[in-house]
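Read through the structure below, which is laid out as structure tokens, and then see the notes.
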Amino acid sequence: MNPPESSDSWVVKDKEVNLSEQEIVALYNLTGPFSPIGSERPGCFNEQEQERDTQSKRITTPEELIPTTFEEFQAAGALRQTWVENSSVPCPIGHSELTVQHLLDLGWSIQDREPYLNWFEVDQIRGLDVPQDPGDPTGRLEDFDYRYEEWSGQGTRWIGWTGPGLLVISDMERGLDSTSPSIAEVTKIVYGRAFDIDGLKHLFFQNVVNRQTQAFIKRLLYTTERLEYTWFDHPGDRRVWKRNSPEYQALLGTRIGKIVLYLILVSYPRGSRRIARIVTYHLADMITPSIRFDIETLRRSSRRRRCLSYLQGCGGCYVL
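The working numbering applies: residue 180 is where the sequence shown begins, and numbers increase by one.
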């Protein structure tokens, strides 16, 4: 049987979410509504989102809303964080059943590129809790497990490399008319082709060109009021954003943050993983930001509690 052309068929849906705009505002603890997609209101949103059909004014889920202020980014990120960490709350995203063979059947191609890590990438990896050092950045990597590859199909392209415990996305594109699975689902498949997804600890996004995420970091996150310096000051510095801080939650509210949280939702039982911290940085000759997300595994409770999610077959409860 041929696989369908929509990614929706590969995602096992959780509870349906159908909220009014007023309920979303209350849930986000906001004083005013978000800007619907296609709004003329100025802000940090993605070009593609502006071009979507906006004929229907009924808002069904928070994903149909575009944050434009720091507080709105934070609220969107906090809600998605709850989806990941709390298995008892309603969530529209579930585990993905997509496989490599499904993508190949849909006409996707996979190209293994020459393995290469530049000195900057090696510097970012060293010191992390990964089982293998990337080695000499001037040498070849045949003796190591790092793979650099390109996946493309159905108007979508994914370029990056995988290593034991980490994944780096160098480029990703998904067209407006693409019928492909989501970037989160593709990313899961890419890593799972080489390594066990349970071992993924660090996810890098190099030189982020997504306009919404870039604009948020440069205009709303790195401000003199918040940090006493701007994005263009102190190049090379790594800024660590701790879990549950306003900045951490706001970064989760960006398009890049959404991809990471959705990757967790389609890959693991809800409540079994969380983003421990987020790191932002850039080099002196690069004005585009790079972001690292550290994924933390929560240990399973020795005492299975009969919570709603357990009764629904989530596999048990997880605690710190």
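Glycine included, every Cβ here is placed at the ideal spot set by N, Cα and C.
Sorted by chain position, which residues of the same chain lie with C-beta nearer than 8 angstroms to residue i's C-beta, five sequence neighbours on each side aside?
i, result
"Thr467", "Asn386, Val387, Val388, Gln393, His461"
"Ala455", "Arg422, Asp473, Ile474, Glu475"
"Gly354", "Gly334, Thr335"
"Val268", "Thr261, Trp262"
Ends of the beta strand (DSSP E) at residue i?
i, result
"Trp420", "418-421"
"Gly339", "335-342"
"Tyr460", "452-460"
"Leu477", "No beta strand (DSSP E) holds Leu477; DSSP gives it neither H nor E."
"Val268", "Looking at the DSSP string, Val268 is not in any beta strand (DSSP E), and its letter there is neither H nor E."
Figure out for me which residue from the options has the closest Cα to the Cα of residue i.
i, options, result
"Gly273", "Lys421, His281, Val263, Leu282", "Val263"
"Ile289", "Ile338, Phe252, Leu258, Thr248", "Ile338"
"Ser357", "Arg478, Pro448, Gly334", "Gly334"
"Glu276", "Ile457, Leu444, Gly450, Met465", "Leu444"
"Thr248", "Ile470, Leu399, Ala373", "Leu399"
Taking Cβ positions, are residue i and residue j nearer each other than 7 angstroms?
i, j, result
"Gly344", "Gly378", "yes"
"Thr366", "Arg418", "no"
"Ile362", "Tyr370", "no"
"Phe383", "Val439", "no"
"Ser446", "Leu477", "no"
"Ile457", "Trp420", "yes"
Check for me: the alpha helix (DSSP H) holding residue i runs from which residue to which?
i, result
"Thr358", "Unbroken run through Thr358: none, as it is neither H nor E."
"Leu277", "Unbroken run through Leu277: none, as it is neither H nor E."
"Leu345", "It is not in any alpha helix (DSSP H) - Leu345 instead sits in the beta strand (DSSP E) that spans 345-353."
"Tyr427", "425-431"
Sorted by chain position, which residues of the same chain lie with C-beta nearer than 6 angstroms to residue i's C-beta, five sequence neighbours on each side aside?
i, result
"Cys223", "Residue confidence for Cys223 is low, a pLDDT of 29 falling below 50, so the modelled location carries little weight and cannot support an answer."
"Ser331", "Ser288"
"Trp410", "Lys397, Tyr401"
With DSSP as the reference, label residue i as helix, strand or coil.
i, result
"Tyr447", "coil"
"Gln385", "coil"
"Trp262", "helix"
"Leu400", "helix"
"Tyr327", "strand"
"Thr239", "Note that Thr239 has pLDDT 36, beneath the 50 cutoff, so the model's placement of it is unreliable and the number below is only indicative. Thr239 falls in the coil class under three-state DSSP."
"Gly371", "helix"
"Gly436", "helix"
"Ile133", "Coverage of the chain is limited to positions 180 through 499, which leaves residue 133 absent and any answer about it impossible."
"Gly332", "strand"
"Phe472", "strand"
"Phe249", "helix"
"Asp291", "strand"
"Asp412", "coil"
"Leu379", "coil"
"Gly286", "coil"
"Ala363", "helix"
"Leu307", "coil"
Who are the near neighbours of residue i in its chain, counting only those whose CB is closer than 7 angstroms to its CB and skipping five residues on each side?
i, result
"Gly256", "Gln428, Ala429, Leu430, Leu431, Gly432, Gly436"
"Gln253", "Pro425, Gln428, Ala429, Gly432"
"Arg292", "Tyr327, Glu328, Glu329"
"Tyr441", "Ile272, Ser361, Ala363"
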